[in-house]
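Input: a single structure, listed below in structure tokens.
Protein chains: 2
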Amino acid sequence: MGEAVPEGGFERAGRPTESPGFLLWRVTLAWQRALAAALRPYDLTHVQFVLLAGAWWLGMDEGAPTQRRLAEHSGTDPMMTSQVLRTLEGKGLVERVPDPADSRAKRVRVTEAGEALRERAMYAVEEADAGFFAPVPRGDALAVLNALSGSLAPVAARATRRGAGA
Amino acid sequence: MGEAVPEGGFERAGRPTESPGFLLWRVTLAWQRALAAALRPYDLTHVQFVLLAGAWWLGMDEGAPTQRRLAEHSGTDPMMTSQVLRTLEGKGLVERVPDPADSRAKRVRVTEAGEALRERAMYAVEEADAGFFAPVPRGDALAVLNALSGSLAPVAARATRRGAGA
DNA sequence: GCGATATAGTAAATGCGCATAGTAAATCGG
DNA sequence: CCGATTTACTATGCGCATTTACTATATCGC
Numbered sequence: 042m043g044e045a046v047p048e049g050g051f052e053r054a055g056r057p058t059e060s061p062g063f064l065l066w067r068v069t070l071a072w073q074r075a076l077a078a079a080l081r082p083y084d085l086t087h088v089q090f091v092l093l094a095g096a097w098w099l100g101m102d103e104g105a106p107t108q109r110r111l112a113e114h115s116g117t118d119p120m121m122t123s124q125v126l127r128t129l130e131g132k133g134l135v136e137r138v139p140d141p142a143d144s145r146a147k148r149v150r151v152t153e154a155g156e157a158l159r160e161r162a163m164y165a166v167e168e169a170d171a172g173f174f175a176p177v178p179r180g181d182a183l184a185v186l187n188a189l190s191g192s193l194a195p196v197a198a199r200a201t202r203r204g205a206g207a
Numbered sequence: 042m043g044e045a046v047p048e049g050g051f052e053r054a055g056r057p058t059e060s061p062g063f064l065l066w067r068v069t070l071a072w073q074r075a076l077a078a079a080l081r082p083y084d085l086t087h088v089q090f091v092l093l094a095g096a097w098w099l100g101m102d103e104g105a106p107t108q109r110r111l112a113e114h115s116g117t118d119p120m121m122t123s124q125v126l127r128t129l130e131g132k133g134l135v136e137r138v139p140d141p142a143d144s145r146a147k148r149v150r151v152t153e154a155g156e157a158l159r160e161r162a163m164y165a166v167e168e169a170d171a172g173f174f175a176p177v178p179r180g181d182a183l184a185v186l187n188a189l190s191g192s193l194a195p196v197a198a199r200a201t202r203r204g205a206g207a
């Protein structure tokens, strides 16, 4: 697996191996595998953990969030959020209670079981995260990722902006 | 447009929002959306393009690869590789010819139609890639990603036999 | 009040991403 | 040559991730 990138490789991407996007994808796949392994003992997937932790955080901060609020906060697709929250509800980790003020909305409350699991899983995630990002200075990683996250398109943007210009 | 970063705070501690892994995941989701949009006119998904381009590259470099070789090169799961290659075969973009020397193996050859499509799609991908990574110096991104890709776990590692430890 | 529009959530369908498990063929030890 | 092990690929199934389309409710303009 040693094959580091042979050269500077600033020339045209004759080979996909040198594209930042390709690297990003591969790195993320590896990270997801590491995180999945870390979360397996808790019977949680990555997204399940993200939504559980997000619901907990928002719950602390501003009260039980609606699904849409949670999706917005987590950067997840609303449809996926709906799916996964029902899974979490099925596991008894969250409740989805109707919003008294808006009967369309459902508010996500973390149950006691959910909170207990979240706390334990959080340690595993932080550990896995630290291990995975150890090879690179934390500041560097955060700088790059934060710069890129500035160009994040809103997930729920219906506005299918330009199919894909030439 | 507007709120690219949903919440004010990527910088406070103690919650998933500031984890590099969480950021990496969100950035990758956004990148995948951008790439999916760029590839939509060509009726290719991201992975289909990666495998098509990978098969082409390896074909140039060392002859038509087996599925396993291609999976190894692309960092993809062998099972997924098998699935997606059959999709590509159904589209007439690749052929899967039996290896004369090893009757278990199938070698992936890019057809003329596949090569024509790959070339056009490559431009779209390079453009999307350049646009997405514009906010950060290329050298910085490559440095971080290359450092992290050093810790890539082999995808096909059967060695997972130990059940996730803890 | 009432119609147009926007919003919260969901159903169904497609395609990755991977774990588990299985078949068949190659390879190795004897 | 024969059994044991490895290897290349595949069937199945679960869980994301997204698209399209739909229901029901809220809200704004009048």
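Residue numbers (my numbering), protein chains in the order written: chain A, 42 to 207; chain B, 42 to 207. All C-beta atoms in this analysis are idealised placements derived from N, C-alpha and C, irrespective of residue type, glycine included. Since we're looking at a predicted model, the values are computed, not measured.
Practice prompt. Give a yes or no on whether the minimum CB-CB distance between Thr122(A) and chain B is below 8 Å.
Written response: By 1-based counting over the first sequence, the position of residue 122(A) is 81. Taking 8 Å as the CB threshold, Thr122(A) stays off the interface with chain B.
| message | Please classify Asp170(A) as buried or exposed, where buried requires at least 16 other C-beta atoms within 10 Å of its C-beta. | response | To locate residue 170(A), count along the first sequence from 1; it is residue 129. Asp170(A) is classed as buried because its beta carbon has at least 16 other beta carbons within 10 Å across all chains shown.
Three-way DSSP call (helix, strand, coil) for Thr152(A) in this model:
Here residue 152(A) refers to the residue found at position 111 of the first sequence. It is coil, neither helix nor strand.
- Measuring only between beta-carbons, confirm whether Gly116(A) sits less than 8 Å from chain B. On the first sequence, position 75 is the one that residue 116(A) refers to. It does; some Cβ of chain B falls within 8 Å.
**Message:** Check whether the segment 77-93 of chain B and the segment 153-172 of chain B are in contact - that is, three or more C-beta pairs closer than 8 Å.
**Reply:** The answer is yes - the segment 153-172 of chain B touches the segment 77-93 of chain B, with three or more Cβ pairs under 8 Å.
Next on the checklist: I'd like to check one pair, Gly62(A) with Leu76(B): are the Cβ atoms closer than 8 Å?
Outcome noted: One-based indexing of the second sequence puts residue 76(B) at position 35. One-based indexing of the first sequence puts residue 62(A) at position 21. Yes; because the gap between Cβ atoms is below 8 Å, this pair is in contact.
| query | Does Asp170(A) have its Cβ less than 8 Å from a Cβ in chain B? | reply | Here residue 170(A) is taken as the residue at index 129 of the first sequence, counted from 1. True, the Cβ-Cβ gap to chain B drops below 8 Å.
| said: According to DSSP, simplified to helix, strand and coil, what is Arg110(A)? | reply: As a working note, residue 110(A) is residue 69 in the first sequence. Correct three-state label for Arg110(A): helix.
How big is the Cα-Cα spacing for Gly104(B) and Val125(B)?
Here the question's residue 104(B) lines up with position 63 in the second sequence. Here the question's residue 125(B) lines up with position 84 in the second sequence. Computed Cα separation, rounded: 20 Å.
Determine the chain B residues that contact Val135(A) at a beta-carbon separation under 8 Å, and present them in chain order. Counted from its first residue, the first sequence places residue 135(A) at position 94. Around Val135(A), no beta-carbon contact reaches into chain B at under 8 Å, the shortest distance being about 16 Å.
Simplified DSSP assignment, three categories, for Arg161(B) = Here residue 161(B) refers to the residue found at position 120 of the second sequence. Helix, per DSSP.
Sequence-distant residues of the same chain with beta carbon closer than 8 Å to His87(B), five excluded per side: As a position in the second sequence, residue 87(B) is number 46, starting the count at 1. Cβ within range, chain order: Gln73, Leu76, Ala77 and Leu80.
Is Arg109(B) close to chain A? Criterion is C-beta to C-beta, closer than 8 Å. Along the second sequence, read from residue 1 onward, the residue named residue 109(B) stands at position 68. Cβ-Cβ to chain A under 8 Å: no for Arg109(B).
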